[in-house]
Every structure is written in structure tokens, then in C-alpha cells.
Amino acid sequence: MRPETLSRRQFACLSAAGLFGLLLPGSGIAAPSAIETARAVNIAGRQRMLSQRMARAAFFFRLGVEEARHIEMLGDAAALFDKSLAGLRDGSSELGLATETNARVLEGIEAVEQVWEVLKPAIDSTVEARGLDDDAMETIATANIPLLFASDNVVDQLVWTHGKSSGDPGLAVAINISGRQRMLSQKMAKEVAMIALGSAPRDTRRSLGETAMLFDQSLKALINGMPALQIPKAPEHIRQKLTEVAGIWVEYGKVIGPTAAGAEVGPLALTMIAAQADPLLTTMNDAVTLYQELATTA
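In our numbering, the protein residues as written are 534 to 831.
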């Protein structure tokens, strides 16, 4: 499937990334509480991660690396993305989400849905057939980044809402940045797989280096704080968790760095990435949960 399969309207919606949601003056709709929005920011942020986790799982499956685990990962990630997308729009008692009423956020969710309508059938067919054909491969390769951008736009809007509805906008920023780290852990794994598959290796290596740099800089900012970006210094209990992340990142980076610099991606490198991507994700997710819990006591 070619890039033009995504309609002009879909790409126009994606270009809205970076806009912030606004409650219409005089609408009478109450802004969500800090607790509700912190939960929504966490789950919407997880959608970014899932967009990259699905692509990572599909590409590692294509490479024949732990095929059973990665096809199961692909199906589980798609099911969670689908359920969370509906919950962000319509509310979900299971996920602890209220029905969304903000017009800008709803527009962002609609943009995600438009890309998901293109990507979901390719994933569903792959999981059902336990095989990734060329058309499905091309669709996943084409659509995963637009899905990421659209999902990120929803997070931006929710962060704005949180900042307006609580006295601690820095907490929303910390949840956003730490949640983005989850995505970056999977995006790096995906990019290593793309290089192994021979997909635009020069451009992908450059992107991998940029992704790794953003992860590293963001981790340091979360640990130490960055007032210029409203990122608060991590409380001690979260700092300890982020230090665990940093320890895993050192080992992960031993493959990521050389690969970005031009090293060949052999079976050993793929095995190491497959083994370390999930501990990095899980430990980073623990940190996000700790940030979200702060909202319940703020």
C-alpha cells in the first residue's frame, strides 16, 4: 500500500500536531480534574508507544526473531490500542476514563482513528494468518509514523487541559515526557529492525541516532529537572526508578549507538535488542505510573 492511501484529509489532520485543546468559551463544559487528565495523558501517551511497538513486533517477526513472541505482541498491542482509542473518546470504566468533551481533543482522536482504519486491517490479517505479506508490510511501514504523530497530538492537547485544570502543570509535562520515553524505547527497536531489513538504512540510522539522543536527554531532564521546559526534578522515589532505567539504557545503548553509527545488524544485535527493549519499556512505564500517582495526592 502506497503513502497516498492515506487521504489528504488524514494528512491535513496530522498537520495539526502541536496545537493545544481549548474549551469553547461559554460552553458550560467543566474541565476534567487533574486526576482524570493525568490518567488520560498516561493512556494517550501509551498509544504513542503502541504505534511503535506494533511496528517493532511486525518487523522482528518478519526477520524471524522470536516469531511466536512477536506475533503475540503484535496482536496484544493492536487490541490494547483499539480499546484505549475507544476509551479516550467514549470513556471507559475499565480504564478509568471519562467521556471526552473537548472539541480539539476529539478532533485529534478522529485523526488517530483515520490512520488506524488504514493500519488495523493489515495488522489483523497478519496476526490471523501468522504471516506478514508484502502489502501488509508496506502498510505498517507507511502508517506507523502518521499514527504516532496523530497520537502525540492528542497527548499535547490533554497536557494543555491538565495545565489549565490543576495547579501543577509541570506534573502533566513530566507524565508526557516520561510517557514519550516508553515510545522511544520501542521506536529504537523498530529502527534497528528496519536497518536489518534494508529499509532506507542511511536515513534510518540517522533517525535511530536522533531517537537515542532524545531518549538520553529526556532521561537526564526527568532525573535532574529542566525548568526551561517546565520539567520538575524527579522526587526521590521516582528518581530511584529512573536510575534503574538509566542502568538498562547503558546496556541497550551498547547496540543502539554502534548501529546508528553504521555497524551491521546481525543476529546477536537483534537478539540483544529483543531481550532489552521490554525491560526498558516496563521500567520506564513504572516511572510513568509513579508520576500519575502524584496527581492523586496533589
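Ideal Cβ positions, reconstructed from N, Cα and C, are used throughout, including at glycine.
Residue i, buried or exposed, once every other Cβ within 10 Å from all chains shown has been counted against 16
i, result
"D736", "exposed"
"K723", "buried"
"P760", "exposed"
"A733", "exposed"
"Q773", "exposed"
"M606", "buried"
"K653", "buried"
"A601", "exposed"
"P679", "buried"
"P765", "buried"
"G578", "buried"
"R739", "exposed"
"L801", "exposed"
Cβ-Cβ separation, residue j to residue i (assumed contact under 8 Å), whole Å
i, j, result
"Q690", "G641", "5 Å"
"M817", "S711", "7 Å"
"L730", "S584", "The pair is not a contact, with the Cβ atoms about 18 Å apart (cut-off 8 Å)."
"L596", "A726", "6 Å"
"S617", "I673", "Between I673 and S617 the Cβ distance is about 19 Å, and since that is not below 8 Å, they are no contact."
"L775", "A820", "6 Å"
"A754", "L747", "Actually they are not in contact, since the Cβ atoms of A754 and L747 sit about 10 Å apart, beyond 8 Å."
Run of the alpha helix (DSSP H) containing residue i, from where it starts to where it stops
i, result
"I708", "702-729"
"K653", "636-662"
"P760", "Taken as a continuous stretch (DSSP letters only), P760 belongs to no alpha helix (DSSP H), as it is neither H nor E."
"A631", "Run containing A631: none; DSSP gives neither H nor E here."
"E599", "Taken as a continuous stretch (DSSP letters only), E599 belongs to no alpha helix (DSSP H), as it is neither H nor E."
"E826", "800-830"
"E784", "769-794"
is_contact[residue i, chain C] using C-beta, thresh 7 Å
i, result
"E599", "The structure shown has no chain C; it contains just one protein chain."
Beta carbon of residue i nearer than 7 Å to that of residue j
i, j, result
"M716", "T744", "no"
"D749", "R581", "no"
"V688", "A705", "no"
"I771", "L803", "no"
"T830", "T694", "no"
"G608", "V574", "no"
"A591", "L665", "yes"
Residue i versus residue j: straight-line alpha-carbon distance, rounded
i, j, result
"R622", "A707", "23 Å"
"E599", "T634", "42 Å"
"E784", "L741", "16 Å"
"G758", "A767", "7 Å"
"M670", "P791", "26 Å"
"R663", "A611", "14 Å"
"P812", "L639", "33 Å"
"Q809", "I781", "8 Å"
"Q714", "G795", "24 Å"
"M835", "T815", "Residue numbering for the chain in the displayed model covers 534 to 831; residue 835 lies beyond these limits and cannot be assessed."
"V645", "A619", "11 Å"
"F594", "D657", "14 Å"
"E650", "G629", "25 Å"
"G703", "A631", "22 Å"
"R572", "Q825", "7 Å"
"I789", "A807", "12 Å"
"I568", "S626", "14 Å"
"K787", "A779", "13 Å"
"G554", "D668", "For G554, the predicted model reports a pLDDT of 29, less than 50, meaning its position is unreliable; a value from the coordinates is still stated below. When rounded, the distance between both Cα atoms is 36 Å."
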